[in-house]
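Colleague: Sharing a structure, written as structure tokens. Questions coming.
Number of protein chains: 2
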Amino acid sequence: MKKQAITIEDVARAASVSRQTVSRVINRMPSVSAKARERVESAIAQLGYSPNLAARRMGGARSFLIMAINDRARTIENWAAGRGNDWVDQMLYGGMMACEARGYHMLFELVDTDQEEAVRQVRRVLSSLQPDGIILTQPHSQNAALVEMLKEQGKPYARIDLPSDNIDGVSIHMNEESAAESATRYLIGLGHERIGFLAGSAEYAGSHFRKDGYLEAMDSAGLEPLLDSADFSFDRAADMARLWLGRQARPTAIIAENDEMAFAVLHVADELGIEVPKHLSVISFEDTPGVRFSVPPLTAIRQPTAAMIARACEILMDAAEGEESNDETVLPFQLIKRETTGPAPR
Amino acid sequence: MKKQAITIEDVARAASVSRQTVSRVINRMPSVSAKARERVESAIAQLGYSPNLAARRMGGARSFLIMAINDRARTIENWAAGRGNDWVDQMLYGGMMACEARGYHMLFELVDTDQEEAVRQVRRVLSSLQPDGIILTQPHSQNAALVEMLKEQGKPYARIDLPSDNIDGVSIHMNEESAAESATRYLIGLGHERIGFLAGSAEYAGSHFRKDGYLEAMDSAGLEPLLDSADFSFDRAADMARLWLGRQARPTAIIAENDEMAFAVLHVADELGIEVPKHLSVISFEDTPGVRFSVPPLTAIRQPTAAMIARACEILMDAAEGEESNDETVLPFQLIKRETTGPAPR
Numbered sequence: 001m002k003k004q005a006i007t008i009e010d011v012a013r014a015a016s017v018s019r020q021t022v023s024r025v026i027n028r029m030p031s032v033s034a035k036a037r038e039r040v041e042s043a044i045a046q047l048g049y050s051p052n053l054a055a056r057r058m059g060g061a062r063s064f065l066i067m068a069i070n071d072r073a074r075t076i077e078n079w080a081a082g083r084g085n086d087w088v089d090q091m092l093y094g095g096m097m098a099c100e101a102r103g104y105h106m107l108f109e110l111v112d113t114d115q116e117e118a119v120r121q122v123r124r125v126l127s128s129l130q131p132d133g134i135i136l137t138q139p140h141s142q143n144a145a146l147v148e149m150l151k152e153q154g155k156p157y158a159r160i161d162l163p164s165d166n167i168d169g170v171s172i173h174m175n176e177e178s179a180a181e182s183a184t185r186y187l188i189g190l191g192h193e194r195i196g197f198l199a200g201s202a203e204y205a206g207s208h209f210r211k212d213g214y215l216e217a218m219d220s221a222g223l224e225p226l227l228d229s230a231d232f233s234f235d236r237a238a239d240m241a242r243l244w245l246g247r248q249a250r251p252t253a254i255i256a257e258n259d260e261m262a263f264a265v266l267h268v269a270d271e272l273g274i275e276v277p278k279h280l281s282v283i284s285f286e287d288t289p290g291v292r293f294s295v296p297p298l299t300a301i302r303q304p305t306a307a308m309i310a311r312a313c314e315i316l317m318d319a320a321e322g323e324e325s326n327d328e329t330v331l332p333f334q335l336i337k338r339e340t341t342g343p344a345p346r
Numbered sequence: 001m002k003k004q005a006i007t008i009e010d011v012a013r014a015a016s017v018s019r020q021t022v023s024r025v026i027n028r029m030p031s032v033s034a035k036a037r038e039r040v041e042s043a044i045a046q047l048g049y050s051p052n053l054a055a056r057r058m059g060g061a062r063s064f065l066i067m068a069i070n071d072r073a074r075t076i077e078n079w080a081a082g083r084g085n086d087w088v089d090q091m092l093y094g095g096m097m098a099c100e101a102r103g104y105h106m107l108f109e110l111v112d113t114d115q116e117e118a119v120r121q122v123r124r125v126l127s128s129l130q131p132d133g134i135i136l137t138q139p140h141s142q143n144a145a146l147v148e149m150l151k152e153q154g155k156p157y158a159r160i161d162l163p164s165d166n167i168d169g170v171s172i173h174m175n176e177e178s179a180a181e182s183a184t185r186y187l188i189g190l191g192h193e194r195i196g197f198l199a200g201s202a203e204y205a206g207s208h209f210r211k212d213g214y215l216e217a218m219d220s221a222g223l224e225p226l227l228d229s230a231d232f233s234f235d236r237a238a239d240m241a242r243l244w245l246g247r248q249a250r251p252t253a254i255i256a257e258n259d260e261m262a263f264a265v266l267h268v269a270d271e272l273g274i275e276v277p278k279h280l281s282v283i284s285f286e287d288t289p290g291v292r293f294s295v296p297p298l299t300a301i302r303q304p305t306a307a308m309i310a311r312a313c314e315i316l317m318d319a320a321e322g323e324e325s326n327d328e329t330v331l332p333f334q335l336i337k338r339e340t341t342g343p344a345p346r
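Taken in order, these protein sequences are the chains called L and Z.
For the first sequence, position 268 matches number 268 in full-length UniProt numbering, and the numbering has no gaps at all.
For the second sequence, position 239 matches number 239 in full-length UniProt numbering, and the numbering has no gaps at all.
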């Protein structure tokens, strides 16, 4: 059978429906009865008809692909170590569900960290698969050249990142400041007064907001802050924890900006015979699956990863259908209370 | 700019290369210099040229998409619970790396467990995105109607499953029998004589082979087997473990066919004051990320998930390029020795 000979009219005839109805089924529009849809799909399969993606595009139709890109090296490192990849799992979860609900598909791609190579790679996928929109996660959300290229090509994109002064476009993120403030206030509510904050890295924009949230909560309670950076590293966090916990007036609670630094605090506390949460409360940001298995399981701020990606898909599907969206979407975080937080020791 | 007016000749002219070179870049063939490739890609981007997927297909070219499908309900359940999804992570890892190496892209899709709905869903994706091949994982690898439909459409597919009597096609799997035999022999080598085998379910083809492997190893060492099914369930495995470990001549080692049943054994041992591995050794099949966090970390058989999906991609890319493959590929498993196995107690 010569597949190229089959037209939409052939399908319409075989299914005993109008050309319009075939088009509606192909473009996954609502208002087609289940029966008609079934007949059209059977006819498409039987005749071997291939709705021509490119033709649909040229007629203003869509490819029904939303592409989400993630940092290649970091993603592969986690997969290769068999550690899983919570961020990727939640991206797929939120993205695939949102796309499926409107008849789109999510294409997940790993893109090189190198900024120029990233532009080349994305350009190649744009030209071969013609996705309707692109979701940029860190560090690609901070690649100005990549965003410039997408703007030139008129390709809708959404950044899963804080708004930036020199990179425009839709920004979707959680409220970092409010998350840090809420973790700090929770500890203050438990009677803690000496609360340490193990910051990540000044290079990471979110760290500034989290620091502000912590300082705001401490200040409004009239408490003295205790803050230093451990650069998201286990070893540096362990050194800092040893220093802080070795003091006479040691902190009774520590907030760490990622799980790895929080694990380091638990480790040092164990080493020094300081019981968690009896003598020390610990809260982490991040909440990777491992935190449930730590001893004790960590209280943590959970990012709304799935919800952020789902929202990005919505915005891009809207854009593909000609609708505009707000430039910034802030999604709520969760403070998940597990077993590393308790009343301040007296 | 009217995108439909741009032809491959326009790109060739703008890039000062031959039409052949443009075609090679678009089809990701080797033997194009980095410079020429860069010029062609710039020209494509500048002119807004869209290589016409459908046209490439009709000319015998490929869509460069390999689609891997997974069970929808089970996948979503794990993501929604924030437990991660080791199987999916490893599918993506193996599949994306293999596709990337040859200029293909992997499309990961969730397909309904219901057999008829699965056929409808896959038919829709085939017609809209025209993947070059399909990877079927369980339970879809056992959906005869789905395989029939793929065969009718002449679409290459690979089953990540054991060969089946009534479903043909490429089968990629690990050697289940040899894995069970090797776990059993490892315990025999450690001096164990009473080794229990907590089987999964008779409905799962792999279980038969694993049982055979266990029986073979026990028999050739002249040992009495101790085998029962706990249906992959934590509770049923716990009941069985209580029964076995309550006996006077209790087993000194237990092999469980999945992690959940192995966790149940650890749980019951703790309850009965039986120390692992001093008084009882435990080996699991599966090796999800959680096993590293169990107390103690589990010795386990690890499936070659990433390698199986990578191999399936290879086979399908070969098929897209006109090459045939063997019908069956058996990939090696790993026995990962952690802290739940030790010498038999005297």
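Cβ atoms here follow ideal geometry from the backbone N, Cα and C, with glycine treated the same way.
Taking a Cβ distance cut-off of 9 Å, strictly less, list which residues of the region 73-91 of chain L are near chain Z, in chain order.
Modeller: Under the 9 Å Cβ criterion, the region 73-91 of chain L contributes T75, I76, N78, W79, A80, G82, R83, G84, N85, D86, V88, D89, Q90.
Colleague: Less than 9 Å between the beta carbons of M174/L and V330/L, yes or no?
Modeller: Yes, these two residues count as a Cβ contact at 9 Å.
Colleague: Any C-beta of chain L within less than 9 Å: which residues of the region 305-317 of chain Z qualify?
Modeller: The region 305-317 of chain Z vs chain L, Cβ under 9 Å: A306.
Colleague: Helix or strand or just coil, what does DSSP make of E38/Z?
Modeller: E38/Z: helix per DSSP, three-state reduction.
Colleague: If you follow the beta strand (DSSP E) that V330/Z is part of, which residue opens it and which one closes it?
Modeller: Where V330/Z is concerned, the enclosing beta strand (DSSP E) stretches over 328-331.
Colleague: Give the DSSP bridge partners of N70/Z, in chain order.
Modeller: DSSP output for N70/Z lists L110/Z as bridge partner(s).
Colleague: In whole angstroms, what is the alpha-carbon distance linking residue 349/L and G196/L?
Modeller: Summary: the structure shown does not reach residue 349/L, with chain L confined to residues 1 through 346, and so no result is reported for it.
Colleague: State the DSSP-derived secondary structure class of L335/L, mapped to helix, strand or coil.
Modeller: It is a strand residue.
Colleague: Going by the CB atoms, is the gap between H192/Z and S281/Z shorter than 9 Å?
Modeller: Yes, these two residues count as a Cβ contact at 9 Å.
Colleague: Skipping 5 residues on each side, what residues in its chain have a beta carbon closer than 6 Å to that of E286/L?
Modeller: So the qualifying residues of the chain are N258, D259.
Colleague: With a 10 Å radius around its C-beta and 16 neighbouring C-beta atoms as the bar for buried, classify residue 349/L as buried or exposed.
Modeller: The structure shown does not extend to residue 349/L, since chain L is modelled only from 1 to 346, so the question has no answer here.
Colleague: According to the Cβ coordinates, are M317/L and I66/L closer than 9 Å?
Modeller: It is a contact, given that the beta carbons lie within the stated cut-off.
Colleague: For T288/L, does the count of other Cβ atoms within 10 angstroms reach 16, so buried, or fall short, so exposed?
Modeller: Buried.
Colleague: Taking the CB atoms as reference points, tell me whether S182/Z and F333/Z lie closer together than 9 Å.
Modeller: Going by C-beta atoms, S182/Z is nearer than 9 Å to F333/Z.
Colleague: Measuring only the C-alpha atoms, how far is A230/L from T341/Z?
Modeller: Distance between the alpha carbons of A230/L and T341/Z: 38 Å.
Colleague: Measuring only the C-alpha atoms, how far is A55/L from M96/Z?
Modeller: Because A55/L carries a pLDDT of 42, less than 50, the predicted location of this residue cannot be relied on, and no value is offered for it.
Colleague: Please list the partners that Q153/L has in chain Z, where partner means a Cβ-to-Cβ separation under 9 Å.
Modeller: The answer, in chain order, is A45, G48.
Colleague: On the DSSP bridge list, what partners appear for residue 349/Z?
Modeller: Nothing can be reported for residue 349/Z, as the shown portion of chain Z is limited to 1 through 346.
Colleague: Near T252/L, which residues of its chain fall below 8 Å by C-beta distance, leaving aside the five closest residues on each side in sequence?
Modeller: Here the set comprises H192, E193, R194, I195, H279, L280, S281, A344, P345.
Colleague: Who are T299/Z's beta bridge partners in DSSP?
Modeller: For T299/Z, which the question treats as bridged, DSSP gives the partners I283/Z.
Colleague: Just checking, does the region 75-91 of chain L make contact with the region 114-128 of chain L on the three C-beta pairs under 8 Å criterion?
Modeller: Touching, no, given that fewer than three Cβ pairs across the two stretches are closer than 8 Å.
Colleague: Output needed for D112/L: all residues of its chain with C-beta closer than 7 Å, excluding positions within five of it in sequence on either side, in chain order.
Modeller: R72, A118, Q121.
Colleague: Leaving out five residues on either side along the sequence, give the residues of the same chain with a beta carbon under 7 Å from the beta carbon of S207/L.
Modeller: Excluding positions up to five away in sequence, the list reads A199, G200, S201, E257.
Colleague: Quick check on DSSP: helix, strand or coil for G133/Z?
Modeller: Strand at G133/Z.
Colleague: L47/Z and V17/Z look like a contact to me (Cβ under 8 Å); what is the Cβ gap, rounded to whole Å?
Modeller: Contact flag wrong, Cβ pair sits at about 14 Å.
Colleague: In three-state DSSP terms, what is A199/L?
Modeller: In this structure, A199/L counts as strand in the three-state DSSP scheme.
Colleague: Who pairs with L226/L in a beta bridge, going by DSSP?
Modeller: DSSP lists G196/L as partners of L226/L.
Colleague: Start and end of the beta strand (DSSP E) containing R247/L?
Modeller: Taken as a continuous stretch (DSSP letters only), R247/L belongs to no beta strand (DSSP E), as it is neither H nor E.
Colleague: Which of the three DSSP states is assigned to R236/Z in this structure?
Modeller: Looking at R236/Z - three-state DSSP - the assignment turns out to be helix.
Colleague: Here's the rule: buried if 16 or more other CB atoms are within 10 angstroms of the residue's CB, otherwise exposed. What is G84/Z?
Modeller: G84/Z is buried by the Cβ-count criterion.
Colleague: Considering only their Cβ atoms, is the gap separating L227/Z from L245/Z smaller than 9 Å?
Modeller: It is not a contact, given that the beta carbons lie outside the stated cut-off.
Colleague: How about W79/L and A306/Z: are their beta carbons less than 9 Å apart?
Modeller: Yes; because the gap between Cβ atoms is below 9 Å, this pair is in contact.
Colleague: Relative to chain A, which residues along the region 108-132 of chain L have a C-beta separation below 9 Å, given in chain order?
Modeller: Going by chain labels, chain A is absent from the structure shown, which instead holds the protein chains L and Z.
Colleague: Helix, strand or coil for M96/Z, going by three-state DSSP, please let me know.
Modeller: Three-state DSSP puts M96/Z in a helix.
Colleague: Please confirm if M149/L has its CB atom under 9 Å from at least one CB of chain Z.
Modeller: Yes, because at least one Cβ of chain Z sits closer than 9 Å to the Cβ of M149/L.
Colleague: In terms of residues, what are the limits of the alpha helix (DSSP H) holding I8/L?
Modeller: Per DSSP, I8/L belongs to the alpha helix (DSSP H) from 8-15.
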